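Visitor: Counting from 138, one number per residue, gives the positions in the sequence shown under our numbering.
All residues carry an ideal CB built from backbone N, CA and C; glycine is no exception.
All values derive from a computational prediction rather than experimental measurement.
Handing you this structure, nothing more for now.
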Amino acid sequence: MKKICIIGSGSWGAALAIHAAKMGHEVNLWSYSQEEADMINNEHKCKFLPMATIPEGVKCTTDIEDAIRGSDMILHVTPSKFTRETVKKYKMYVKDQPIILCSKGFEASTLYTLEDVVKEEIPTAKIGVFTGPSHAEEVSLGIPTAIVIASQSLDVQYLVQDTFMNENMRIYTSSDTKGAELGGTLKNIIAFCAGIIAELDMGDNTFAALITRGLNEISRLGVALGGNHNTFYGLSGLGDLIVTCLSEHSRNRKAGRCIGRGLTIEETKKEVGMTIESIDNIEVAYKLAQKYNIEMPIVNTVYDVLYNGLKPREAVVKLMTRDKKCE
């Protein structure tokens, strides 16, 4: 059995802790909040996963050195905007354990992927990207899930696969860290758009068009940034895109619904109550598309909805009446 450190006690961090502990692993979960740590330790509950129970094998602490000490691997599960400052807090305690990125997003100020951020802070780190269609609510309840571990290191791939794979979680390996990370990050933008069209009461035809053309944009930018084209049609791309666009579990879809009914960005953040990666990612993807001269009409249009006052229904018309194209 392994000793696993999980940095971040939100819904996904807690779900991974539950899964690992049920498999018999020792889990140290780090939280920035003493209130959350007390709830996990004393009540065996996570406020973001009301249906789940935290097993006895999970210890939550606000001492990041204590959480990491003696661990076989570190799962990084904080919101993307806090990645660098959190890594700075613990990088001096990292020895030779791999750092497994379970967060999805960019660093807005640099346009970096999270892998780039960790590499800059810890150049010698062995890094993995753990991603795919995996709602925390379902993983925490043991609902069958398939996911990908991507790493340049075969040892890291096999370590994560051997540690977490069981009858409830099937894990595939990949060496395409960039593609796996970008698929999981960029799909949040399309899921946000899915929420808008759901709120506008549009139909299955519209969802199919959005997912298909959205995947085209994701893969186009993803390849330009170094990902493998085929990765975007696997679990970490298409798979994650489908689950996030169609599920009411998705906070990014919920955020889109809020915008679709006329709420502001701040009102939307308040109503969702958890980190909404898509809103930050939309601005980054818009800038990256310009930087690499990539055509991304869906991204450009939803950017105008958020930041330039374009009405959601007008955005749909704008996309539908673009110049004629060949698929």
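Quick one, are the C-beta atoms of residue 389 and residue 332 less than 8 Å apart?
Guide: Here residue 389 refers to the residue found at position 252 when the sequence shown is read from its first residue. Here residue 332 refers to the residue found at position 195 when the sequence shown is read from its first residue. In this structure, residue 332 lies closer than 8 Å to residue 389 by Cβ.
Visitor: Taking one C-beta from the segment 209–220 and one from the segment 178–193 each time, how about it: are there three or more such pairs within less than 8 Å?
Guide: Cβ pair count under 8 Å is below three, so no.
Visitor: I'd like the ranges of any beta strand (DSSP E) spanning at least 3 consecutive residues and lying wholly in the segment 299–330.
Guide: Here the runs fully enclosed are 306–311.
Visitor: Determine, using beta carbons only, whether residue 327 and residue 358 come nearer to each other than 8 Å.
Guide: Counted from its first residue, the sequence shown places residue 327 at position 190. Counted from its first residue, the sequence shown places residue 358 at position 221. Cβ atoms of residue 327 and residue 358: not closer than 8 Å.
Visitor: Thinking C-alpha only, which one of 405, 371 and 429 is nearest residue 363?
Guide: What you label residue 363 is simply residue 226 of the sequence shown in a count that begins at 1. Among 405, 371 and 429, the Cα nearest to that of residue 363 belongs to 429.
Visitor: Indicate whether residue 266 and residue 238 have their beta-carbon atoms separated by less than 8 Å.
Guide: Translated into positions along the sequence shown, residue 266 becomes position 129. Translated into positions along the sequence shown, residue 238 becomes position 101. Cβ atoms of residue 266 and residue 238: closer than 8 Å.
Visitor: Quick check on the DSSP output: the alpha helix (DSSP H) that includes residue 438 runs from which residue to which?
Guide: Here the question's residue 438 lines up with position 301 in the sequence shown. Where residue 438 is concerned, the enclosing alpha helix (DSSP H) stretches over 434–444.
Visitor: In whole angstroms, what separates the C-alpha of residue 221 from that of residue 463?
Guide: Within the sequence shown, residue 221 is the residue found at index 84, counting from 1. Within the sequence shown, residue 463 is the residue found at index 326, counting from 1. The straight-line gap from Cα to Cα measures roughly 42 Å.
Visitor: For residue 163 and residue 140, I'd like the C-alpha separation in whole angstroms.
Guide: Residue mapping note: residue 163 aligns to position 26 of the sequence shown, counting from 1. Residue mapping note: residue 140 aligns to position 3 of the sequence shown, counting from 1. Roughly 5 Å separates the two Cα atoms.
Visitor: For residue 189, which of 207, 200, 152 and 224 has the nearest alpha-carbon?
Guide: Residue numbering aside, residue 189 sits at position 52 when the sequence shown is read from its first letter. Selected option, being the one with the closest Cα: 152.
Visitor: Are residue 325 and residue 415 close, meaning C-beta to C-beta below 8 Å?
Guide: Taking the first residue of the sequence shown as 1, we reach residue 325 at position 188. Taking the first residue of the sequence shown as 1, we reach residue 415 at position 278. Going by C-beta atoms, residue 325 is nearer than 8 Å to residue 415.
Visitor: CA-CA distance, residue 200 and residue 290?
Guide: Along the sequence shown, one-based indexing puts residue 200 at 63. Along the sequence shown, one-based indexing puts residue 290 at 153. Distance between the alpha carbons of residue 200 and residue 290: 29 Å.
Visitor: Give the C-beta separation of residue 236 and residue 264 to the nearest angstrom, bearing in mind that I take them to be a contact with Cβ-Cβ under 8 Å.
Guide: The residue given as residue 236 occupies position 99 in the sequence shown. The residue given as residue 264 occupies position 127 in the sequence shown. That pair is a contact at about 6 Å.
Visitor: Taking only three categories from DSSP, how would you classify residue 267?
Guide: As a first step, residue 267 must be located in the sequence shown, where it is residue number 130. DSSP places residue 267 in strand when its eight states are reduced to three.
Visitor: Whose C-alpha, out of 172, 171, 175 and 197, is nearest the C-alpha of residue 150?
Guide: Walking along the sequence shown from the start, residue 150 turns up at place 13. Ranking the options by Cα distance to residue 150, first place goes to 197.
Visitor: Is the beta carbon of residue 408 less than 8 Å from the beta carbon of residue 395?
Guide: On the sequence shown, position 271 is the one that residue 408 refers to. On the sequence shown, position 258 is the one that residue 395 refers to. In contact: residue 408 and residue 395 (Cβ atoms closer than 8 Å).
Visitor: Let's test the definition: count the other Cβ atoms within 10 Å of the Cβ of residue 294 and tell me whether it reaches 16, buried, or not, exposed.
Guide: For the purposes of this step, residue 294 is taken as residue 157 along the sequence shown, with counting starting at 1. Per the 10 Å Cβ criterion, buried.
Visitor: Rank 160, 304, 322 and 268 by C-alpha distance to the C-alpha of residue 248 and give the top, closest one.
Guide: By one-based count along the sequence shown, residue 248 stands at place 111. Here the closest residue by C-alpha is 322.
Visitor: Determine the burial state of residue 165: buried for a count of at least 16 other Cβ atoms within 10 Å of its Cβ, exposed for fewer.
Guide: Working through the sequence shown from its first residue, we reach residue 165 at position 28. Buried is the call here.
Visitor: Out of curiosity, what's the CA-to-CA distance linking residue 373 and residue 148?
Guide: For this step, residue 373 is matched to residue 236 along the sequence shown. For this step, residue 148 is matched to residue 11 along the sequence shown. If you take the alpha carbons of residue 373 and residue 148, they lie about 19 Å apart.
Visitor: Tell me whether residue 281 is buried or exposed, calling it buried when 16 or more other Cβ atoms sit within 10 Å of its Cβ.
Guide: As a first step, residue 281 is located in the sequence shown; it is residue number 144 there, counting from the start. With fewer than 16 other Cβ atoms within 10 Å, it is exposed.
Visitor: State buried or exposed for residue 438, treating a residue as buried only when at least 16 other CB atoms are found within 10 Å of its CB.
Guide: By one-based count along the sequence shown, residue 438 stands at place 301. Looking at its Cβ environment, which holds 16 or more other Cβ atoms inside 10 Å, residue 438 is buried.
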